[in-house]
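Numbering (our numbering), first residue to last: 679 to 910.
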Ligand SMILES: *Cc1c(COP(=O)(O)O)cnc(C)c1O
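Encoded structure:
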């Protein structure tokens, strides 16, 4: 089995899971977009994905993402930055990313704005929302209470376009109720900006729960590309 065969078979299985989840949630399959997370996998895999019709890919580390986006610049892909972001890297990320999904604090906005303006295009922005209990630190994301203010700041920043919210299911808790909480936060963001319709939620292990709770985008890595090497 070639790498192409393997990716093609995995992709077909993931698309079937998405279609089944949409059907059981009473949603049309085209309401949910697939972002394939290519972190740790080579640019050659990104090229195979593009050949299979994938249009959106996600990366979580700046240096790796920047190199891969440059190597694959002929493919016309939309690059989603989904990782934790340092403010001193924000402008650089905005120079190749089409969507930044992991905006969790206002400190990132100046850099993202200047990167977007240098490139002379609008940068699509998602607010990463923490679904952890309020008193836990650790996992990334803005606290629910801070989301409205951050949304307003993104809207007021030149070069940035607020598109919605993103989250990762919390550890040690079933994902379904957490994704339901995200859906409530997403409603509050859409009340601020009716065009901010994106809910990016769901990964290889929990895309069904996310689709049931209203996700418009799922970010799937290992179910398409295989297990990532473990980085300690
Ligand atoms: C790695 C990653 C994913 C994909 O995870 P899989 O379990 O491999 O599907 C999705 N979202 C974020 C933010 C990630 O870092």
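Note that beta-carbon positions come from the ideal geometry of N, C-alpha and C, so glycine has one too.
Between the alpha carbons of residue i and residue j, how many angstroms are there, rounded?
i           : j           : result
residue 843 : residue 775 : 17 Å
residue 872 : residue 893 : 16 Å
residue 737 : residue 835 : 24 Å
residue 696 : residue 879 : 13 Å
residue 875 : residue 703 : 18 Å
residue 771 : residue 759 : 8 Å
residue 731 : residue 724 : 11 Å
residue 753 : residue 805 : 27 Å
residue 654 : residue 884 : With the chain running from 679 to 910 in the structure shown, residue 654 is simply not present.
residue 825 : residue 710 : 23 Å
residue 756 : residue 841 : 15 Å
residue 908 : residue 744 : 21 Å
residue 822 : residue 690 : 35 Å
residue 832 : residue 784 : 8 Å
residue 803 : residue 778 : 5 Å
Measure the CB-CB distance between residue i and residue j and report whether it falls below 8 Å.
i           : j           : result
residue 828 : residue 791 : no
residue 809 : residue 860 : yes
residue 787 : residue 794 : no
residue 769 : residue 789 : yes
residue 773 : residue 796 : yes
Exposed or buried, residue i, counting other C-beta atoms within 10 Å across all chains shown (16 or more means buried)?
i           : result
residue 726 : buried
residue 886 : buried
residue 798 : exposed
residue 764 : exposed
residue 729 : exposed
residue 906 : exposed
residue 748 : exposed
residue 863 : buried
residue 698 : exposed
residue 716 : buried
residue 722 : exposed
residue 782 : buried
What distance in whole Å lies between the Cβ atoms of residue j and residue i, which are believed to be in contact at a cut-off of 8 Å?
i           : j           : result
residue 896 : residue 713 : 7 Å
residue 845 : residue 807 : 5 Å
residue 688 : residue 830 : Going by Cβ atoms, the distance from residue 688 to residue 830 rounds to 40 Å, so no, they are not a contact pair.
residue 750 : residue 889 : Between residue 889 and residue 750 the Cβ distance is about 28 Å, and since that is not below 8 Å, they are no contact.
residue 818 : residue 762 : 5 Å
Do residue i and ligand 2 come close, with the Cβ less than 7 Å from some heavy atom?
i           : result
residue 904 : Absence of ligand 2 from the depicted structure is noted, with ligand 1 being the only ligands included.
Along the chain, which unbroken stretches of the beta strand (DSSP E) at least 3 residues long are found entirely within the region 785-821?
Counting only runs of 3+ residues, the beta strand (DSSP E) found wholly inside the region 785-821 occupies 801-806, in chain order.
Jot down the residue ranges of each uninterrupted beta strand (DSSP E) in the region 708-768, minimum 3 residues, whole runs only, in chain order.
Taking only runs of at least 3 residues, the beta strand (DSSP E) segments lying wholly in the region 708-768 are 711-715, 734-737 and 756-759.
Tell me the start and end of each unbroken alpha helix (DSSP H) in the region 863-890 that is at least 4 residues and wholly inside, in chain order.
Counting only runs of at least 4 residues, the region 863-890 fully encloses the following alpha helix (DSSP H) elements, listed from N- to C-terminal order: 885-890.
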